[in-house]
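Chemist: Chains as they are written, first to last, in my numbering: chain A, 1 to 141; chain B, 1 to 141.
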């Protein structure tokens, strides 16, 4: 969250409420020492963790497991100059606990196709920030 | 761009064509040693550079000037499981050349409000990658 840029900051609970309405966000991480970003579908766990369900062999999992990532969701109306963005920053890790995997297989996000080697990745909600672009059309940039 | 994740890779020209249709994207960078991401409105220069127009005093400008950033645009239909994403990775720098600033003031992106201390930031298109999510609904994650 940047201050002094003319946005209204959102409280954590407001951010989580907005996250819960979305199904697609963007994983921001580092790949080969460069900033990288990838859209993914996701689910939100009861504690505010972001959950991904994907292939264990995917390059994304190899890139982010054990690292700190940012996960961003937004909804910006470029005509009205309104909208919001929310960022969850925290450690990404593959879920290895069998009971937790079993729970997420029932309640977690759906993958857009079944992966034979699917895993769940959890992003801990250590930092949850958001900004709303309302009544101040400078919103972006 | 991740290979082997079931996406169709897009050619550079196709990526630039998609970028030219968009008005809002996301700046991916590092802030206080953490991954950071911020939606911004933008323009595309004739050479494929991404152009921002914002306040010289903004924290975003201070965070990215002189660094390598990623700039992402996407359009994903979470119901149809289709869409695309494009990422421009390259050096971000405040435009300091007076003639270039004058040109961009005429032809560059519009700011959503006038900043008294506005500057243009250029992101060089060193790496332009994209992926299309079509016919393979695993698209995300």
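Backbone N, C-alpha and C define an ideal beta-carbon position, used for all residues, glycine too.
(1) Is it right to say residue 66 (chain A) is buried, meaning 16 or more other beta carbons lie within 10 angstroms of its own, or is it exposed?
(2) Within 8 Å of any Cβ in chain B, is that where the Cβ of residue 85 (chain A) sits?
(3) Can you name the start and end residues of the beta strand (DSSP E) that residue 95 (chain B) belongs to?
(4) So, at 6 Å on beta carbons, what are the nonlocal neighbours of residue 87 (chain B) in its own chain, with the 5 sequence-adjacent residues on each side left out?
(5) Which residues in the same chain have their Cβ closer than 7 Å to the Cβ of residue 104 (chain A), if we skip the five residues on either side of it in sequence?
(6) Report buried or exposed for residue 36 (chain B), applying the criterion of at least 16 other Cβ atoms within 10 angstroms of its Cβ.
(7) Name, going along the chain, the residues of the stretch 26-37 of chain B whose beta-carbon falls closer than 8 Å to a beta-carbon of chain A.
(8) For the alpha helix (DSSP H) holding residue 72 (chain B), just list the boundary residues, first then last.
(9) DSSP puts residue 46 (chain B) in a beta bridge; with which residues?
(10) Against chain B, does residue 39 (chain A) count as a neighbour if the rule is that its beta carbon must be under 8 Å from one of theirs?
(11) To the nearest angstrom, how far is it from the Cα of residue 100 (chain B) to the Cα of residue 64 (chain B)?
(12) Answer yes or no: do residue 102 (chain A) and residue 54 (chain A) have a C-beta to C-beta separation smaller than 8 Å?
(13) Excluding five sequence neighbours on each side, which residues of the same chain lie with their C-beta closer than 6 Å to the C-beta of residue 15 (chain B)?
(14) What did DSSP end up calling residue 23 (chain A) once you bin it into helix, strand or coil?
(15) Going straight from the alpha carbon of residue 23 (chain B) to that of residue 30 (chain B), what length do you get?
(16) Considering only residues of the same chain and omitting the five flanking positions on each side of residue 108 (chain A), which have a CB-CB separation below 7 Å?
(17) Could you tell me whether the Cβ of residue 95 (chain B) comes closer than 8 Å to any Cβ of chain A?
(18) Exposed or buried, what is residue 39 (chain B) when buried is set at 16 or more other beta-carbons lying within 10 Å of its beta-carbon?
Modeler: So, from the data block:
(1) Classification of residue 66 (chain A): exposed, given that the 10 Å Cβ count is below 16.
(2) Yes, residue 85 (chain A) counts as interfacial toward chain B.
(3) Annotation for residue 95 (chain B): no beta strand (DSSP E) segment contains it, and DSSP assigns it neither H nor E.
(4) Contacts found: 70, 72 and 129.
(5) Shown here for residue 104 (chain A): same chain residues with a beta carbon closer than 7 Å to its own, the five before and five after excluded, namely 51, 95 and 120 in chain order.
(6) Buried: at least 16 other Cβ atoms inside 10 Å.
(7) Taking 8 Å as the Cβ-Cβ cut-off, the stretch 26-37 of chain B approaches chain A at 26, 28, 29, 30, 34, 35, 36 and 37, given in chain order.
(8) If you look at residue 72 (chain B), you'll find it isn't in any alpha helix (DSSP H); it sits in the beta strand (DSSP E) that goes 68-77.
(9) Beta-bridge pairing links residue 46 (chain B) to no other residue.
(10) Chain B contact via Cβ: present.
(11) Those two C-alpha atoms are separated by around 20 Å.
(12) No, they are not a contact pair.
(13) Once the five neighbours on either side are set aside, the close Cβ partners of residue 15 (chain B) are 86, 128 and 130.
(14) The answer is coil: DSSP assigns residue 23 (chain A) none of H, G, I, E or B.
(15) One C-alpha to the other measures close to 23 Å.
(16) Counting only Cβ-Cβ distances below 7 Å, and skipping sequence neighbours, we find 43, 51, 53 and 120.
(17) With 8 Å as the cut-off, residue 95 (chain B) does not count as an interface residue toward chain A.
(18) Buried, by the Cβ-count rule.
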